[in-house]
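In this note's numbering, the protein residues as written are 35 to 109.
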Amino acid sequence: MKRLLFITLLIGYIYPCVAQDKPIRTEETLEETVIYKKTTTFRVDGYTYQCDVDDGSQFVTLHNKENKLTYKDIV
35 MKRLLFITLL IGYIYPCVAQ DKPIRTEETL EETVIYKKTT TFRVDGYTYQ CDVDDGSQFV
95 TLHNKENKLT YKDIV
(Lines of atoms letter the chains of each structure in order from A; the text may use other names.)
(Lines give C-alpha, C1' and ligand atoms only; values in the text may rest on other atoms or scores of the structure.)
Protein backbone atom coordinates (compact mmCIF):
# COMPACT_ATOMS: atom_id res chain seq x y z
CA MET A 35 0.00 0.00 0.00
CA LYS A 36 2.82 2.41 0.86
CA ARG A 37 4.55 1.58 -2.43
CA LEU A 38 1.38 2.30 -4.42
CA LEU A 39 0.92 5.64 -2.62
CA PHE A 40 4.56 6.55 -3.26
CA ILE A 41 4.31 5.71 -6.98
CA THR A 42 1.05 7.67 -7.32
CA LEU A 43 2.60 10.74 -5.67
CA LEU A 44 5.75 10.43 -7.78
CA ILE A 45 3.77 10.26 -11.03
CA GLY A 46 1.68 13.24 -9.93
CA TYR A 47 4.87 15.24 -9.34
CA ILE A 48 6.73 14.20 -12.50
CA TYR A 49 3.88 14.34 -15.05
CA PRO A 50 3.58 18.17 -15.12
CA CYS A 51 7.35 18.39 -15.76
CA VAL A 52 7.07 16.60 -19.09
CA ALA A 53 4.05 18.50 -20.41
CA GLN A 54 4.94 20.82 -23.29
CA ASP A 55 4.49 24.58 -22.80
CA LYS A 56 2.81 24.15 -19.44
CA PRO A 57 4.06 25.36 -16.07
CA ILE A 58 6.48 22.85 -14.58
CA ARG A 59 4.88 22.96 -11.18
CA THR A 60 2.41 24.90 -9.10
CA GLU A 61 2.39 24.49 -5.35
CA GLU A 62 -0.89 24.70 -3.52
CA THR A 63 0.85 26.25 -0.51
CA LEU A 64 2.52 28.88 -2.71
CA GLU A 65 -0.51 30.36 -4.44
CA GLU A 66 0.15 32.05 -7.78
CA THR A 67 3.67 30.56 -7.95
CA VAL A 68 4.39 29.19 -11.41
CA ILE A 69 7.63 28.02 -12.98
CA TYR A 70 7.61 28.55 -16.75
CA LYS A 71 9.44 26.52 -19.39
CA LYS A 72 9.34 29.21 -22.09
CA THR A 73 9.43 33.01 -22.30
CA THR A 74 6.05 34.42 -21.31
CA THR A 75 4.55 37.93 -21.19
CA PHE A 76 1.65 38.77 -18.88
CA ARG A 77 -0.21 41.82 -17.51
CA VAL A 78 -0.87 42.41 -13.81
CA ASP A 79 -2.44 45.56 -12.36
CA GLY A 80 -1.73 47.62 -15.48
CA TYR A 81 1.94 46.57 -15.76
CA THR A 82 3.38 44.29 -18.43
CA TYR A 83 5.85 41.74 -17.09
CA GLN A 84 8.02 39.36 -19.04
CA CYS A 85 9.55 36.13 -17.79
CA ASP A 86 12.57 35.39 -20.02
CA VAL A 87 13.67 31.75 -19.83
CA ASP A 88 17.33 31.03 -20.59
CA ASP A 89 17.30 28.04 -22.97
CA GLY A 90 19.09 24.99 -21.63
CA SER A 91 18.95 26.05 -17.99
CA GLN A 92 16.46 26.73 -15.25
CA PHE A 93 17.31 30.43 -14.92
CA VAL A 94 14.74 33.11 -15.65
CA THR A 95 14.69 36.89 -15.67
CA LEU A 96 11.44 38.45 -14.50
CA HIS A 97 11.18 42.14 -15.35
CA ASN A 98 8.84 44.96 -16.27
CA LYS A 99 8.76 44.74 -20.07
CA GLU A 100 8.80 48.53 -20.45
CA ASN A 101 12.12 48.80 -18.57
CA LYS A 102 14.76 49.56 -21.24
CA LEU A 103 17.70 48.96 -18.88
CA THR A 104 17.01 45.33 -17.97
CA TYR A 105 19.82 43.89 -20.11
CA LYS A 106 22.19 46.89 -20.10
CA ASP A 107 25.60 46.53 -18.46
CA ILE A 108 25.97 48.51 -15.26
CA VAL A 109 29.21 50.48 -15.12
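All residues carry an ideal CB built from backbone N, CA and C; glycine is no exception.
Being a predicted model, the structure only gives us computed values, none of them experimental.
Reducing DSSP to helix, strand and coil, say where residue 73 ends up.
Taken through DSSP and simplified to helix, strand or coil, residue 73 comes out as coil.
CA-to-CA distance, residue 72 to residue 108, given in whole angstroms:
Distance between the alpha carbons of residue 108 and residue 72 is about 26 Å.
Candidates 77, 104, 80, 85: closest to residue 94 by CA position:
For residue 94, the closest alpha carbon among the candidates 77, 104, 80, 85 is that of 85.
The ligand NAP heavy atom lying under 8 Å from the CB of residue 109:
Absence of the ligand NAP is noted for the structure shown, with no ligands found whatsoever.
If residue 75 sits next to residue 99, beta carbons under 8 Å apart, how far is it from one beta carbon to the other, in whole angstroms?
Contact flag correct, Cβ pair sits at about 6 Å.
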